[in-house]
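See structure below.
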Amino acid sequence: MSLINVAEKRLEGFKLHIVKTKKFKTNTIVWRMKTPLKKETATLRALLPYVLQSSCRKFPETPALRSYLDDLYGASLHVDVAKKGEYQVISFTLEIANEKFLGQQDPLLKKGMELLANIIMEPLAVNGAFDSSTVEKEKRTLEQRIHSAYDDKMRYSSLRLIEEMCEGEPYAINVNGSLKDIGRISGVNLYEYYLQAFSSDEMDLYVVGDIEEEEVESLSKKLFIFNDRNPERIETSLTENKKEQVVKEEQDVKQGKLNIGCRTHIAYGDPDYAALQVFNGIFGGFSHSKLFLNVREKESLAYYAASRLESHKGIMMIMAGIESDKYNRTVEIIKEQLEEMKQGSFNDEEISQTKLVIENQMLETMDTARGIVDILYHSVIAAKDVTADEWLKAMETVSRNEIIAAAKKIDLDTIYFLTGKEGDQ
Amino acid sequence: MEKLIFSQLDENLFHERMDNGLEVYILPKKGFNKTYATFTTKYGSIDNTFKPLGKEEYVQVPDGIAHFLEHKLFEKADGDVFQQFSRQGASANAFTSFTRTAYLFSSTSNVERNLETLIDFVQEPYFTEKTVEKEKGIIGQEINMYDDNPDWRLYFGLIENMYHSHPVKIDIAGTNESIASITKDMLYECYETFYHPSNMLLFVVGPVNPEKIMEQVRENQAQKNYKEMPDIQRKFENETVEVAEKKKILKMNVQTPKCLIGVKAENTEIQGPEMLKQELAVNLVLDVLFGKSSANYTELYNEGLIDDSFSYDYTQEKGFGFAMVGGDTRNPDKLAERLKAKMLEAKDRSVFYEENLNRARKKKIGTFLRAVNSPEYIANQFTRFAFNGMDLFEVVPVLEGMTVQDMKQAASQLIAEERITVCKVLPKK
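If you read the sequences in order, they're chains V and Y.
The numbers in numbering that gives the first Met the number 0 rise by one with no breaks, and the one at position 389 of the first sequence is 388.
The numbers in numbering that gives the first Met the number 0 rise by one with no breaks, and the one at position 10 of the second sequence is 9.
Put into structure tokens, the structure is as follows:
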């Protein structure tokens with residue numbers, strides 16, 4: 000038996016993934032669609048799902064749609080636009096109670112899937128244009144969303160690092176688009192983009208829960224019908240590398256936010272990807288890692304000091320919140336620790352400890368429906384079928400030398416530091 | 000060991016009170032990989048004035064000490080407990096709230112060993128002057144991190160507005176100044192007073208055998224010598240019902256203004272079923288008034304006064320409580336005025352009907368079902384409920400019994416002009 004039991008089927012214009020499990024008291028339906036990140040379409044894409052979720056032909060007014068969701072026992076409808084590798088991924092997630100725990104017969108899953116089909120396939124549009132007042136409202140909200148990234152300084156500094164580090168690469172494009180482009184969007188050009196996206200994006204439907212496979216399949220066939228397509232793929236460059244650059248920005252902040260970007264030259268699905276994961280776990284992924292121990296526990300420089308991988312882009316990001324005058328010392332420790340990893344100064348216990356924790360994290364992720372979908376979706380992004388079982392097995396067999404080899408591939412690219420203004424402290 | 004059966008939810012809960020007073024609950028979850036356990040003391044940031052164990056006089060301890068103690072419990076003579084957990088494949092964590100400090104782990108292997116580690120590390124404190132000093136730098140950075148977070152500042156600014164003297168107004172982590180005075184002896188004094196098993200609850204949820212786990216906890220506790228514990232004496236100054244400040248403006252390095260309005264609750268001394276009913280009724284009231292399907296939400300959204308950061312929430316514990324509504328906004332003055340007007344309008348009782356009650360109720364029941372997918376939710380919420388004499392598994396039955404009259408009464412009790420306050424975060428320039 001495998002860790003995730005998934006039945007997959009190619010239907011008209013999309014792929015259906017059914018995960019039958021008795022773990023949950025709700026059923027989760029996720030519609031995902033992706034296309035390469037591009038400046039010209041990023042803002043349209045960032046807006047599109049929000050316009051779609053606010054009305055449809057069946058529920059022309061938002062409150063009516065929201066009331067219907069409440070009546071379906073508080074079904075939650077959530078849309079999201081994310082950057083996964085150099086793709087801009089739109090998700091529609093609908094989570095709905097399983098009626099068997101409500102002691103009644105209302106076919107909630109069917110109603111939920113019908114509603115999702117209404118939202119994505121029958122939008123409120125007349126004469127080739129979305130309703131303009133809806134578009135204007137959602138443009139306003141998107142503007143706010145872009146502004147609010149500035150106000151959360153931890154988020155802001157990690158966004159700024161990527162902007163600086165990946166300048167000129169698609170990965171640097173803001174997933175929410177740009178303020179400048181919002182102004183150019185109308186009900187007409189957004190509707191044109193809607194038609195384009197749904198006819199050319201790579202699309203996947205996930206249904207997770209205590210469900211009947213045949214029922215879900217026949218509903219999906221009936222409700223979701225699109226043209227065949229040959230979705231566009233992007234070849235992400237893993238070789239870009241600037242000579243170490245340092246970018247400092249002054250703002251009125253109490254705590255300096257240090258974000259360091261490295262190129263790993265290794266992407267999801269590569270033979271040494273599992274070794275990279277173990278490397279990151281020893282180096283900065285957990286509360287037993289080198290960064291936590293040396294930056295936080297030994298020298299009390301930070302509350303958070305960690306690293307994480309952007310698996311599909313071949314990037315590792317290191318972050319720590321520190322006093323502005325501790326910049327030099329912190330960077331020095333981080334560089335030392337990275338160098339020591341390359342020299343192999345970690346022991347077998349750290350390796351086995353890290354593998355155990357990574358395995359634990361992976362298995363825990365499978366205890367949520369969204370986690371299951373995220374794990375499965377990695378294969379779509381990378382266009383490589385790697386099952387959770389295969390992945391765990393590869394990770395468990397990683398050797399010390401493979402970890403060192405992965406470490407040696409890593410190049411420091413950009414150091415970004417958001418620092419407090421002098422005299423402000 | 001008693002077994003409680005919730006057939007509608009298809010869950011069984013096992014419970015036993017240990018001889019030393021520790022309450023232990025186990026909820027087996029079939030099909031899950033992970034086991035999640037929390038070990039919680041009924042001791043949080045508000046418990047800053049109390050009679051230390053064995054003493055006659057009240058003492059007041061520095062702000063942030065409960066949270067400081069939480070950090071320090073992880074450090075032992077032979078190193079850091081995080082290391083031990085990860086060697087056993089677990090991830091560990093802890094948090095301090097107004098009224099609780101919880102220690103937790105989750106793991107998909109070595110569950111018994113991890114549980115042993117959890118119980119033992121919490122029950123074997125090791126504080127030294129040196130490690131206490133070292134922690135001040137780390138927590139100082141945690142405090143600075145929150146200081147840069149406008150949503151956190153807004154939240155606490157609003158609570159400060161509400162309370163004259165109640166310690167809920169004090170930031171959970173304290174300040175750089177207040178933690179500077181913390182010593183190892185103070186930590187021991189707090190520890191001895193609040194970490195007795197009779198003031199604690201252990202919750203284990205996951206694919207476990209309840210008999211085995213209960214036996215393990217029994218054996219573990221039997222090896223430890225705890226003396227009978229007298230009731231803990233906490234002291235809170237009398238707090239008047241009206242808010243301390245009607246409004247506050249915080250200038251911060253942000254682009255988008257933020258605005259929250261708060262209502263300070265009265266009738267917060269209640270516990271048990273009475274508290275559960277009040278809490279759920281207020282939640283339904285807020286859903287009807289400000290939920291995404293409400294007329295108010297639609298109106299404010301259409302006018303561009305709110306965006307998807309808009310939210311509302313109700314917090315109640317013994318001795319304090321508040322409702323909060325708001326979010327990012329282009330026009331904080333106008334939003335504050337409108338939200339306040341909507342609140343006061345709801346007091347006149349004409350806005351609650353059978354139809355919106357039914358809708359809000361259905362939504363709440365579905366949300367509860369979604370929440371019990373989560374081991375974290377079950378363990379943490381069950382503990383909070385139990386510390387207030389409430390039963391988490393009574394939520395659905397109580398919701399089902401709720402009437403329009405109950406909502407009207409909850410709204411009329413909650414809302415009053417003199418208990419409403421506003422806090423705004425505005426850009427510096």
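Don't be surprised by glycine CBs; every beta carbon is placed ideally from N, CA and C.
It should be emphasised that the depicted structure is a prediction, and the values quoted were computed from it without experimental measurement.
GLU85/V has its alpha-carbon roughly 20 Å from the corresponding atom of ASP271/V.
Scanning its chain for C-beta atoms nearer than 6 Å, with the 5 sequence neighbours on each side dropped, one finds around VAL356/V the residues PHE285, in chain order. For SER411/Y, there is no enclosing beta strand (DSSP E); the residue is found in the alpha helix (DSSP H) stretching over 403-413. With a cut-off of 8 Å on Cβ pairs, the region 375-387 of chain Y is in contact with the region 99-106 of chain Y, counting three or more such pairs.
Along the region 166-194 of chain Y, none of the residues has a CB nearer than 8 Å to a CB of chain V. Linking GLY320/Y to GLY127/V through their CA atoms gives a straight-line distance of about 51 Å. The C-beta separation of GLY63/Y from GLY173/Y comes to about 2 Å, placing the pair in contact by the 8 Å criterion. Scanning chain Y for C-beta atoms nearer than 7 Å to the C-beta of ASP150/V yields PRO149, VAL253, GLN254, THR255, reported in chain order. Boundaries of the beta strand (DSSP E) harbouring GLN244/V: 244-250, taken from the DSSP string. The three-state reading of DSSP puts MET316/V in strand, counting E and B together. Contact between LEU93/V and LEU76/V holds: their C-beta atoms lie close to 5 Å from each other, under 8 Å. Residue contact with chain Y for ILE321/V: present (Cβ-Cβ distance below 8 Å to some residue of chain Y). In the DSSP assignment, VAL60/Y falls outside any alpha helix (DSSP H), carrying neither H nor E. Scanning HIS14/Y, SER85/Y, ASN282/Y, ARG383/Y for the CA closest to the CA of GLU349/V turns up SER85/Y.
The alpha-carbon of ARG65/V is positioned some 23 Å away from that of ALA368/V. Nearest CB-CB separation between GLU214/Y and chain V: not below the 8 Å threshold.
Cβ-Cβ distances below 6 Å link TYR145/Y to TRP151 in the same chain, with the five nearest sequence neighbours on each side left out; the list follows chain order. Residues of the region 267-296 of chain V with a Cβ closer than 7 Å to any Cβ of chain Y, in chain order: PHE285, SER286, HIS287, ARG295, GLU296.
Distances from the alpha-carbon of LYS168/Y to those of GLU159/Y, LEU304/Y, ASN47/Y put GLU159/Y closest.
For the region 324-340 of chain Y, residues whose beta-carbon sits nearer than 9 Å to a beta-carbon of chain V comprise ASP327, THR328, ARG329. In the three-state reduction of the DSSP assignment, MET389/Y falls in the coil class, being assigned neither a helical nor a strand state.
Within the same chain, and ignoring the five residues on either side of ASP119/Y in sequence, the residues whose Cβ sits closer than 8 Å to its Cβ are ASN219. Runs of the beta strand (DSSP E) spanning 3 or more residues and lying entirely within the region 166-214 of chain V occur at 201-208, in chain order.
Between VAL421/Y and ALA335/Y the beta-carbon gap is near 5 Å, inside 8 Å, which marks them as a contact.
For the region 8-40 of chain V, residues whose beta-carbon sits nearer than 8 Å to a beta-carbon of chain Y comprise THR20, LYS21, LYS22, PHE23, LYS24, THR25. DSSP places LYS38/V within a helical segment (H, G or I) once states are collapsed to three.
The beta-carbon of GLY102/V is placed less than 8 Å from the nearest beta-carbon of chain Y. Contact note: ASP312/Y does not reach chain V at a C-beta cutoff of 7 Å; the least C-beta distance is about 16 Å. Note on geometry: alpha-carbon atoms of MET318/V and TYR42/Y lie some 32 Å from one another.
Between the C-alpha atoms of VAL58/Y and THR182/Y there is a straight-line separation of about 15 Å.
Every alpha helix (DSSP H) of 4 residues or more that sits fully in the region 255-315 of chain V is shown, in chain order, as 272-279.
For GLN87/V, the enclosing beta strand (DSSP E) starts and ends at 86-96. Looking at the DSSP output, THR420/Y sits in a beta bridge with GLY261/Y. Among the residues facing chain Y, GLN250/V is included, as its CB has a counterpart in that chain under 8 Å away. Taking a Cβ-Cβ cut-off of 7 Å, the neighbours of GLN352/V in chain Y comprise SER85, ARG86, given in sequence order. At least one beta carbon of chain Y lies nearer than 8 Å to the beta carbon of TYR302/V.
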